[in-house]
Amino acid sequence: MNVALAHEFLVTWGGSDLVAREFCKTFPGAPLHTALYNAAVMDRHFQGVDIRTSALQRWPMALKKHRLYMPFFPLAFEQFDFTGYDLVLSSHHYAAKGVVTGADTCHICFVHTPMRYAWDYYHEYMAGFGRMARPALRWLFHWLRVWDAASANRVDYFIANAHNVARRIWKHYRRPSTVIHSPIEADRFRIGNTIGDYYLVVSRLVPYKRVDLAVQAFSALGEKLVVAGDGPELKRLKAMAGPNVEFTGFVDGKQLENLYSGCRAFLFPGFEDFGLTPLEAQASGRPVIAYGAGGALETVIEGQTGTFFREQTADSLAEAVRRFDWQSTDPAAVRAHAQQFDTAVFRKKIADFARDRFEEWKASSPAL
Numbered sequence: 000m001n002v003a004l005a006h007e008f009l010v011t012w013g014g015s016d017l018v019a020r021e022f023c024k025t026f027p028g029a030p031l032h033t034a035l036y037n038a039a040v041m042d043r044h045f046q047g048v049d050i051r052t053s054a055l056q057r058w059p060m061a062l063k064k065h066r067l068y069m070p071f072f073p074l075a076f077e078q079f080d081f082t083g084y085d086l087v088l089s090s091h092h093y094a095a096k097g098v099v100t101g102a103d104t105c106h107i108c109f110v111h112t113p114m115r116y117a118w119d120y121y122h123e124y125m126a127g128f129g130r131m132a133r134p135a136l137r138w139l140f141h142w143l144r145v146w147d148a149a150s151a152n153r154v155d156y157f158i159a160n161a162h163n164v165a166r167r168i169w170k171h172y173r174r175p176s177t178v179i180h181s182p183i184e185a186d187r188f189r190i191g192n193t194i195g196d197y198y199l200v201v202s203r204l205v206p207y208k209r210v211d212l213a214v215q216a217f218s219a220l221g222e223k224l225v226v227a228g229d230g231p232e233l234k235r236l237k238a239m240a241g242p243n244v245e246f247t248g249f250v251d252g253k254q255l256e257n258l259y260s261g262c263r264a265f266l267f268p269g270f271e272d273f274g275l276t277p278l279e280a281q282a283s284g285r286p287v288i289a290y291g292a293g294g295a296l297e298t299v300i301e302g303q304t305g306t307f308f309r310e311q312t313a314d315s316l317a318e319a320v321r322r323f324d325w326q327s328t329d330p331a332a333v334r335a336h337a338q339q340f341d342t343a344v345f346r347k348k349i350a351d352f353a354r355d356r357f358e359e360w361k362a363s364s365p366a367l
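Below is the structure:
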C-alpha cells in the first residue's frame, strides 16, 4: 500500500504534531505534506522524514507569522499532488482534509477538531476584533465555512480524536467517525519518589485555557500553585496572583517531568477538545482536577484518577480542591490508566484502521 501523509503545519511542537510524527512511524517512508515546516524546531522530531511543503513556505515571515496566512491554507493544500498513492492519511484541524485525491486514492482524515474559527468559537473570535475589521471577517469566515463543509466530501473515512469531536464532525459535516484518542509518550513520564507541596498547571497562557480560574482560586485558598507556561496572558495573571502562586515560564524536558511527578494534583480548568496534559500528569501517577466538560471527561475517571468541578468558576474549582483527597489515589493505578493512551497503542490502532478501511474501500468501489 503506497501511503502519503498530510498535516496542517509544523512550526512549533504540540499535540497535533505528535500525531503527525506517529503517523510517520506507522508508515515509514511515506512523504509528509504540510503547509509550513520550521526545520530549526522540528528536525529533531522528524529526522529522516520526507517533508514536502507548500508554496507558503517561501512567503515573507511565514514561519513567524503563520496565522496571518491561514486564509490561504485551503488553496495551499489543494495544490499537493497525490497521484499514484493508494491511501492519503491527513491530520486535520483547519485545512488539511481539503487535499484533492483521485478516484483511485482512499482518503482517511484524523480530526483534532473541525475548524474552530468558523464553527463553534466563531462568535468568540469575532468579539475579539474591532468594529472596522468585522464586516470583512464575516465574509472570510462565511467562505471558510462553505469550503470546510464542501471539502468534507473529499474524505472517505473520518477518525475523531475524542467523542465530543465526533459529535461536532456529525454536526458540521453530517459524517460518522471512529474515535481513536490522541496519544501521549507515556514512557517519558514516571512516578516520583516524593510529592511536593504544590498543585500544578501546565498550559499556554491564552484566554480560553482559563488559567485565570486556577490563579484566582489558589490566591483565595492560600495553597501553593505552580503555573508552567508562557503566553500573552502572563502579565494579567501575575497581576491577579497572590504570593503563593509561582510562574515558571515555559518548561520542557526533565524539568517538566519533575514538576508533573512532584505535584499534589494537576489542574485543568479549560474546555479542550481532548487535552494531553492531564494524561501526561496521570502518566506521572498524579491525579487531575478538571473542568467537567470536553475531552477531560474521556481521560479522567472520577474518584480514581481525579475529580471534576462542574461550573467553570474559581469558586467551583476551589471547592473541588478542598473536597478532593489527593492522597487517596493510587499512583500506579493512575499511571496504568494513562498508559492506555501511549503512542505504541495509538500506532497499532491507526495501522489496523487504515488497513481495514482501505480493504473495505477497495471492495466497495465499483471502479476498482
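Numbering (numbering that gives the first Met the number 0), first residue to last: 0 to 367.
Think of the CB as a built atom: it goes at the ideal place given N, C-alpha and C, for glycine as much as any other residue.
In the DSSP output, which residue or residues are listed as bridge partners for residue i?
i	result
ARG51	HIS32
ALA89	A quick correction: the sequence has Ser, not Ala, at residue 89. BP columns for SER89 point to ALA5, CYS108.
PHE246	VAL226
ASP341	ILE183
THR177	ILE158
Since residue i and residue j should fall inside the 8 Å C-beta cutoff, what is the C-beta to C-beta distance between them, to a whole number of angstroms?
i	j	result
PHE8	CYS23	The pair is not a contact, with the Cβ atoms about 15 Å apart (cut-off 8 Å).
HIS106	VAL87	5 Å
TYR84	ALA3	4 Å
ARG334	GLY284	5 Å
SER15	SER89	Not confirmed; about 11 Å, so no contact.
PRO268	ALA213	5 Å
CYS262	GLY305	Not confirmed; about 12 Å, so no contact.
GLY302	GLU271	At roughly 21 Å, the Cβ-Cβ gap does not stay under 8 Å, so GLY302 and GLU271 are not in contact.
ILE183	ALA332	Contact flag wrong, Cβ pair sits at about 17 Å.
LEU35	VAL10	6 Å
ALA54	ALA75	7 Å
TYR380	ALA264	The requested residue 380 is not part of the displayed model; the chain covers only 0 to 367.
PHE273	SER181	5 Å
THR52	THR33	6 Å
LYS237	PHE246	6 Å
TYR120	PHE140	At roughly 11 Å, the Cβ-Cβ gap does not stay under 8 Å, so TYR120 and PHE140 are not in contact.
PRO113	ARG166	In fact, because the Cβ distance is near 10 Å, the residues do not count as touching under 8 Å.
PHE109	ILE158	4 Å
PHE357	MET0	6 Å
TRP118	ARG144	7 Å
Which stretch, first to last residue, makes up the alpha helix (DSSP H) that contains residue i?
i	result
LYS96	Note, LYS96: premise wrong, no alpha helix (DSSP H); not H, not E.
CYS262	Where CYS262 is concerned, there is no enclosing alpha helix (DSSP H), given that its DSSP letter is neither H nor E.
PRO70	Element bounds for PRO70: n/a, residue is neither H nor E.
GLY456	Because the chain in this structure spans residues 0 to 367, residue 456 falls outside the shown range and cannot be described.
VAL40	38 to 41
ARG235	233 to 239
Just reading off the beta strand (DSSP E) that residue i is part of, what are its end residues?
i	result
TYR156	156 to 159
### Query
Enumerated in chain order, which unbroken segments of the alpha helix (DSSP H) with a length of 4 residues or greater are wholly contained in the region 264 to 330?
Taking only runs of at least 4 residues, the alpha helix (DSSP H) segments lying wholly in the region 264 to 330 are 276 to 282, 295 to 298, 313 to 322.
### Message
Any contact between the region 124 to 137 and the region 64 to 71? By contact I mean 3 or more CB pairs, one from each, below 8 Å.
### Response
Contact fails: fewer than three Cβ-Cβ distances are below 8 Å.
### Query
Would you call the region 93 to 108 and the region 331 to 340 in contact, with 3 or more CB pairs under 8 Å?
In the pairwise beta carbon analysis, the region 93 to 108 is classified as not touching the region 331 to 340: fewer than three pairs are separated by under 8 Å.
### Message
Would you call the region 252 to 259 in contact with the region 313 to 331, where contact means no fewer than 3 C-beta pairs closer than 8 Å?
### Response
Because the criterion of three Cβ pairs below 8 Å is not met, the region 252 to 259 and the region 313 to 331 do not touch.
### Message
Which complete beta strand (DSSP E) runs does the region 182 to 230 hold, if anything under 3 residues is left out?
### Response
If one requires a minimum length of 3 residues, the beta strand (DSSP E) runs lying completely within the region 182 to 230 are 197 to 201, 223 to 227, in chain order.
### Task
Check whether the region 230 to 242 touches the region 201 to 209, counting contact only when three or more Cβ pairs, one atom from each stretch, lie closer than 8 Å.
Flag = yes, the region 230 to 242 and the region 201 to 209 touch.
### Message
Which complete beta strand (DSSP E) runs does the region 132 to 173 hold, if anything under 3 residues is left out?
### Response
Scanning the region 132 to 173 for uninterrupted beta strand (DSSP E) segments of 3 residues or longer gives 156 to 159, listed from N- to C-terminal end.
### Three or more C-beta pairs below 8 Å linking the region 290 to 310 and the region 186 to 194
Cβ pair count under 8 Å is below three, so no.
### Message
Pairs of beta-carbons, one from the region 16 to 34 and one from the region 347 to 354, closer than 8 Å: are there three or more?
### Response
Short answer: they touch.
#### Entry: Stretch-stretch touch, CB-based, cutoff 8 Å, three pairs: the region 169 to 178 with the region 147 to 157
Output reads yes: the region 147 to 157 touches the region 169 to 178.
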